[in-house]
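When you read off a place in the sequence shown, starting at 1, and then add 748, the result is the number in our numbering.
Working notes, structure below.
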Amino acid sequence: MEEMLAMSGLNDILCKIKDGERLSIDDGARLYRSSDLLAVGYLANLVRERINGNNAYFIYNQHINYSNICTNLCKFCAFGKDASSPLAYEMSIADIRKKVEDRLDEPITEIHMVGGIHPELPFSYYLDALSVIKEVRPDVHIQAFTCVEIAHLAGLAGLSVADTLRELTAAGLGSIPGGGAEVFSPRIRAKTCEKKLSGEGWLEVAKTAHRQGIRSNATMLYGHIETIEERLEHMDMLRQAQDETGGFMTFIPLAFHPKNTEMADLSRSSGIEDLKNIAVARCFLDNFPHVKAYWVMIGIKLAQVGLSFGADDIDGTVKEEIITHMAGAETEQAQARRELVRIIREAGRTPIERDTLFNVIKTY
Ligand code: V47
């Protein structure tokens, strides 16, 4: 394989990876532009196995999207709706309670809760949403509200981000999911999500959380109008933030789904693109402990292959996913735990059910 790498012109990157040397943006661009997918995957697998051995993680989780009403209305999003849309919805606190109660017989350890930037819900709604989940299911870890939502909540509360996070944590927030990062480039934000919190703003919320001991994830939405360099600059900003705080757990490349969005003329990403985004991220983000192949977006079969291309996590059981399915995802709504275990085993990895913070629940 290493002879193959010499042939693919990536030998110097192999040496850097073996020596634990950080890759430059230029190295990352060469990996993206290489036509030798197996060579790129081999490099990513070296990093993956150095950091995570043969482990492949999953979680038993539940998604709750409390409302799709959103004032940002990003061009790549099919989920967010104006309040006047017939497709707009908003859960009451009683609805959220019912969602949690309905699945009390399942061994769910994490509730992932995000929504849009709602123009009217008060700060108390978000505190009550957290509290009611904890009341019904006290042991569950709540991973909720993207950095974009948290900046909005701080505005609603009239508090600093740090104090807002203190209030949210007191009500039950455990950690922060990686959404809302998109691509940090101001060019991409101006063209696709001009009303959204800036990339710097997103990073500032994440770093503030980390300084308080709140862990978070990071995403990158790829496969629309961004360039390879913009992807790498995005990851470079994440890598620098991680050097400062060490608070990120997982990086999740998100494959753009165009259906029902204002960018519906674009095509879906290819399997090669999906695997390259996982692999380049694994090589480039040397200080991120985990890289996730999110099966909801790339399908369970490609997520399985992703476990040999740098990914060590495939997210979880999920069951009710709206954001990607509104945008045309044809993947399942849920995966049974035994199915996740089976596909990980078949990939030759050790299936590990984890909690949100990567404590081991069970090794299969
Ligand atoms: O922030 C929106 C993205 C994100 C589309 O932290 C789209 O573990 C593809 O962040 N096509 C929400 N993507 C999902 C998310 C997430 C999911 C699972 C796990 C974690 C985690 C985070 O989805 C949004 C946005 O970046 N998104 N529209 C679309 N059409």
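Where is the CB? At the ideal position from N, CA and C, for every residue including glycine.
Is it the case that the CB of Val862 approaches a heavy atom of the ligand V47 more closely than 7 Å? Residue 862 sits at position 114 when you count from the first residue of the sequence shown. True, at least one ligand heavy atom lies under 7 Å from that Cβ.
For Met839, which residues of its own chain have a beta-carbon under 7 Å away from its beta-carbon, when the five flanking residues on both sides are left out? One-based indexing of the sequence shown puts residue 839 at position 91. Same-chain partners within the cutoff: Tyr814, Ser815.
Sort out for me which residues DSSP pairs Pro1001 with in a bridge. Position 253 of the sequence shown, counted from the first residue, corresponds to residue 1001. In the DSSP assignment, the residues bridged to Pro1001 are Met968.
Regarding Met1045 and the ligand V47, is the C-beta to nearest heavy atom distance less than 7 Å? If you number the sequence shown from 1, residue 1045 lands on position 297. The answer is yes for Met1045.
Starting from the Cα of Thr940, find the closest Cα among Leu921, Glu974, Ser1015 and give me that residue. The residue labelled residue 940 in the question sits at position 192 within the sequence shown. Nearest option by C-alpha distance: Glu974.
So what's Ile856 in DSSP terms, helix, strand or just coil? Within the sequence shown, numbered from 1, the residue matching residue 856 stands at position 108. Three-state result, Ile856: coil.
Does Leu1055 come out as helix, strand or coil in the three-state DSSP assignment? As a first step, residue 1055 is located in the sequence shown; it is residue number 307 there, counting from the start. DSSP places Leu1055 in coil when its eight states are reduced to three.
According to DSSP, simplified to helix, strand and coil, what is Arg885? Looking up residue 885 in the sequence shown gives position 137. It is coil, neither helix nor strand.
Just checking my contact of Arg1097 with Ala804 at CB under 8 Å: how many whole Å lie between their CB atoms? Translated into positions along the sequence shown, residue 1097 becomes position 349. Translated into positions along the sequence shown, residue 804 becomes position 56. At roughly 4 Å, the Cβ-Cβ gap stays under 8 Å, so Arg1097 and Ala804 are in contact.
List the endpoints of the continuous alpha helix (DSSP H) containing Lys823. One-based indexing of the sequence shown puts residue 823 at position 75. For Lys823, there is no enclosing alpha helix (DSSP H), since its DSSP letter is neither H nor E.
Could you check if Cys895 belongs to the surroundings of the ligand V47, using beta carbon to heavy atom distance under 7 Å? As a position in the sequence shown, residue 895 is number 147, starting the count at 1. No; taking the cut-off as 7 Å, the Cβ of Cys895 has no heavy atom of the ligand V47 nearer than that.
Express the C-alpha separation of Glu751 and Lys882 in angstroms, rounding to a whole number. For this step, residue 882 is matched to residue 134 along the sequence shown. For this step, residue 751 is matched to residue 3 along the sequence shown. Each residue's CA atom was taken as its position, placing Lys882 and Glu751 some 55 Å apart.
Just mark Thr998 as buried or exposed, buried being the case when its beta carbon has 16 or more other beta carbons within 10 Å. If you number the sequence shown from 1, residue 998 lands on position 250. Looking at its Cβ environment, which holds 16 or more other Cβ atoms inside 10 Å, Thr998 is buried.
How far does the alpha helix (DSSP H) with Asn800 in it extend, from its first residue to its last? Numbered from 1 along the sequence shown, position 52 holds the residue referred to as residue 800. If you look at Asn800, you'll find it in the alpha helix (DSSP H) that goes 785-800.
Look at the alpha carbon of Arg798 and the alpha carbon of Gln990, and state the distance between them as a whole number of angstroms. Your numbering for residue 798 matches position 50 in the sequence shown. Your numbering for residue 990 matches position 242 in the sequence shown. Looking at the two C-alpha atoms, the distance is approximately 19 Å.
Would you kindly work out how many angstroms separate the C-alpha atoms of Ser832 and Arg885, rounded to a whole number? Counted from its first residue, the sequence shown places residue 832 at position 84. Counted from its first residue, the sequence shown places residue 885 at position 137. Taking the straight line joining both Cα atoms gives about 34 Å.
On the DSSP letters alone, give me the boundaries of the alpha helix (DSSP H) that Ile865 sits inside. For the purposes of this step, residue 865 is taken as the residue at position 117 of the sequence shown. Element bounds for Ile865: n/a, residue is neither H nor E.
DSSP on Asn1025, reduced to helix/strand/coil? As a working note, residue 1025 is residue 277 in the sequence shown. Looking at Asn1025 - three-state DSSP - the assignment turns out to be helix.
Evaluate Gly928 with the Cβ neighbour count: other Cβ atoms within 10 Å of its Cβ, from every protein chain shown; 16 or more gives buried, anything less gives exposed. If you number the sequence shown from 1, residue 928 lands on position 180. By the neighbour-count rule (16 or more Cβ atoms within 10 Å), Gly928 is buried.
Please name the residue or residues paired with Asp1061 in a DSSP beta bridge. To locate residue 1061, count along the sequence shown from 1; it is residue 313. Tyr805, Lys1040.
Close beta carbons around Arg1030, own chain, < 6 Å, minus the five adjacent residues each side: Within the sequence shown, the letter at position 282 stands for residue 1030. The beta carbon of Arg1030 lies closer than 6 Å to those of Ala792, Val795, Arg796, Val1039, Gly1058 in the same chain, with the five residues before and after it left out.
Beta-carbon separation (whole angstroms), Ala1075 vs Asn1008, contact threshold 8 Å: Start at 1 with the first residue of the sequence shown, and residue 1075 comes out as number 327. Start at 1 with the first residue of the sequence shown, and residue 1008 comes out as number 260. A Cβ-Cβ distance of about 6 Å is found for the pair Ala1075 and Asn1008, placing them in contact under the 8 Å criterion.
Quick one: is Leu1055 buried, meaning 16 or more other Cβ sit within 10 Å of its Cβ, or exposed? Position 307 of the sequence shown, counted from the start, is the residue given in the question as residue 1055. With 16 or more neighbouring CB atoms inside 10 Å of its own CB, Leu1055 falls in the buried class.
Would you list the residues sitting across from Glu838 in a DSSP beta bridge? If you number the sequence shown from 1, residue 838 lands on position 90. Paired residue(s): Ser815.
Beta bridge counterpart(s) of Lys829 as assigned by DSSP: Taking the first residue of the sequence shown as position 1, residue 829 is located at position 81. Looking at the DSSP output, Lys829 sits in a beta bridge with Ile817.
Measuring only from the beta carbon, is Cys825 closer than 7 Å to any heavy atom that is part of the ligand V47? Taking the sequence shown and counting its residues from 1, one reaches residue 825 at position 77. Yes.
Taking the Cβ atom as the reference point for each residue, do Thr857 and Val896 lie within a distance shorter than 8 Å? Against the sequence shown, residue 857 aligns to sequence position 109. Against the sequence shown, residue 896 aligns to sequence position 148. Taking C-beta atoms as the reference points, Thr857 and Val896 fail to come closer than 8 Å.
Check this for me: beta carbons of Leu913 and Ala842, under 8 Å apart or not? Residue 913 sits at position 165 when you count from the first residue of the sequence shown. Residue 842 sits at position 94 when you count from the first residue of the sequence shown. Taking 8 Å as the Cβ cut-off, Leu913 and Ala842 do not qualify as a contacting pair.
Measuring from the CB of Asp1063, is there a heavy atom of the ligand COA at a distance below 7 Å? Questions concerning the ligand COA fall outside what the structure shown contains, since the ligands it does hold are the ligand V47.
Taking C-beta to C-beta, are Tyr1042 and Ile1070 nearer than 8 Å? Here residue 1042 corresponds to residue number 294 of the sequence shown, with the count starting at 1. Here residue 1070 corresponds to residue number 322 of the sequence shown, with the count starting at 1. With respect to Ile1070, Tyr1042 sits apart: the two C-beta atoms are not nearer than 8 Å.
What did DSSP end up calling Gly922 once you bin it into helix, strand or coil? The sequence position of residue 922 within the sequence shown is 174, counting from 1. Per DSSP, reduced to three states, the secondary structure at Gly922 is strand.
Expressed to the nearest angstrom, what Euclidean distance is found between the alpha-carbon atoms of Val862 and Leu921? Sequence index remark: in the sequence shown, residue 862 carries index 114 (1-based). Sequence index remark: in the sequence shown, residue 921 carries index 173 (1-based). Answer to the nearest angstrom: the Cα atoms are 12 Å apart.
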